[in-house]
Amino acid sequence: EPSVVLATTQLQCLFLPKPALSRQHQEVGVRGGDKGEGNLCGPCKPDLCPPTPPSCPAGTVLDDCGCCEECANVEGQMCDPDGSQKFYGRCGEGLECRRKTPTQSAEPQCVCSLSHVVCGSDNRTYQSECQLREATHRDVSGLLHLQRQGPCATAPQISRPPRDLQMQAGGDVTFGCEVTAYPVAHLDWKRKGKETFLPGDDVNVSVQVRGGPRHHGITSWLQIHSVKKSDEGVYVCYTRNAYGESDSYLDRVAGVRSLRFCTPAAPFVAYSASLVCCH
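Numbering of the sequence shown is given in UniProt numbering, commencing with residue 1 and proceeding in unit increments.
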């Protein structure tokens, strides 16, 4: 079969500073009158302010003169750290204008002051309250809100599918299974047709489990040493958590890998891979 190579590209929208002409127009046209020395803004005339944009993901802030509302800078956008510079603009609610690390020489950016994950009323997990706040401003229904601190409860999902392997009999093989869920899922290995979980009492089979690498994830490896003919079969990783068992969602997800000898196995549906062992 011909191999398929996918190439992806990313389009990133950058928020550029407002032109100086806009600020000058704001100072003269909106404020009007004489900008005397020591008074760059002049008197505030709100009725002359331009209309506030209909959608501001980070909310609105007052302009440098404290008169007209304008869109605040969003997370990751460059900003003015103090009053000595008025070029990039001000950060929105819950954002701080600073460098990500004190040693960085790059321009300061808007950084969320609360970086813990939260669960929105749409049952989606957001990496910070700032991201949820941005989504709230974009939500035309106006119903999106904070549901609770921490990630949303989810049934287990296999986040790393298996891959095909080919080896000689007598070698060692490792099957991996990576699962993400909240609460963190429990993961077991079985051999299809057998009731007991692996490794059992087989000295050539071992199972290792650790947390990660994804947030709220767990990874397990099934290792078979000195593979022999009797090891031929289908191996399945099972995963579940309390959320899956206590709700109508699927409470069990299986990632299947097969261990076969000499001839290539037929392709499996969903998460599957074949191991072909030849003498």
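All C-beta atoms in this analysis are idealised placements derived from N, C-alpha and C, irrespective of residue type, glycine included.
Looking at residue i: is its Cβ nearer than 7 Å to the Cβ of residue j?
i: Ala185; j: Tyr243; result: no
i: Trp221; j: Thr180; result: no
i: Val111; j: Glu96; result: yes
i: Ser121; j: His145; result: yes
i: Asn204; j: Ser226; result: yes
i: Gly150; j: Gln109; result: no
i: Lys190; j: Val236; result: yes
i: Leu198; j: Val209; result: no
Alpha carbons only, please: which of the options is nearest the one belonging to residue i?
i: Ile158; options: Ile224, Val203, Pro213, Gln127; result: Pro213
i: Leu62; options: Pro54, Ala72, Cys56, Ser55; result: Ala72
i: Asp172; options: Arg210, Ser115, Lys228, Ala155; result: Lys228
i: Asp64; options: Pro50, Val74, Pro81, Lys86; result: Lys86
i: Asp188; options: Asn241, His216, Arg148; result: Asn241
i: Val74; options: Asp82, Pro81, Arg90; result: Arg90
DSSP three-state call for residue i: helix, strand or coil?
i: Gln127; result: coil
i: Arg133; result: helix
i: Tyr88; result: coil
i: Lys45; result: coil
i: Gly66; result: coil
i: Ala58; result: coil
i: Ala242; result: helix
i: Lys229; result: helix
i: Arg138; result: helix
i: Leu21; result: Bear in mind that a pLDDT of 32 at Leu21, under 50, signals an unreliable position, so the number given afterwards is only what the model happens to contain. In this structure, Leu21 counts as helix in the three-state DSSP scheme.
i: Ala72; result: coil
i: Val234; result: strand
i: Gln171; result: With the sequence shown as reference, residue 171 is identified as Gly, and Gln is not the correct amino acid for it. Reduced to three states, the DSSP call for Gly171 is coil.
i: Arg160; result: strand
i: Gln223; result: strand
i: Gly38; result: At Gly38, the pLDDT of 45 sits below 50, so the modelled position is not reliable; the number obtained from the coordinates is stated separately. Three-state DSSP puts Gly38 in coil, outside helix and strand.
i: Leu95; result: strand
i: Cys119; result: strand
i: Arg210; result: strand
Where residue i and residue j are concerned, what is the direct C-alpha to C-alpha distance, given to the nearest angstrom?
i: Gly42; j: Gly66; result: 11 Å
i: Gly142; j: Gly92; result: 19 Å
i: Ala169; j: Gly200; result: 22 Å
i: Gln223; j: Val140; result: 51 Å
i: Glu69; j: Thr52; result: 6 Å
i: Thr239; j: Cys79; result: 45 Å
i: Gly94; j: Asp47; result: 29 Å
i: Pro54; j: Cys119; result: 26 Å
i: Gly44; j: Arg98; result: Looking at the sequence provided, one finds Cys at residue 44 rather than Gly. Their Cα atoms are separated by approximately 30 Å.
i: Gln127; j: Leu114; result: 10 Å
i: Glu232; j: Tyr182; result: 34 Å
i: Leu132; j: Thr196; result: 44 Å
i: Asp82; j: Ala155; result: 45 Å
i: Gly176; j: His216; result: 17 Å
i: Arg160; j: Thr60; result: 41 Å
i: Pro50; j: Gly211; result: 53 Å
So, under 8 Å CB-CB, residue i and residue j are touching, yes? Tell me the CB distance rounded to an integer number of Å.
i: Ala58; j: Glu107; result: That pair is no contact at about 17 Å.
i: Val234; j: Lys192; result: 4 Å
i: Glu178; j: Thr125; result: That pair is no contact at about 18 Å.
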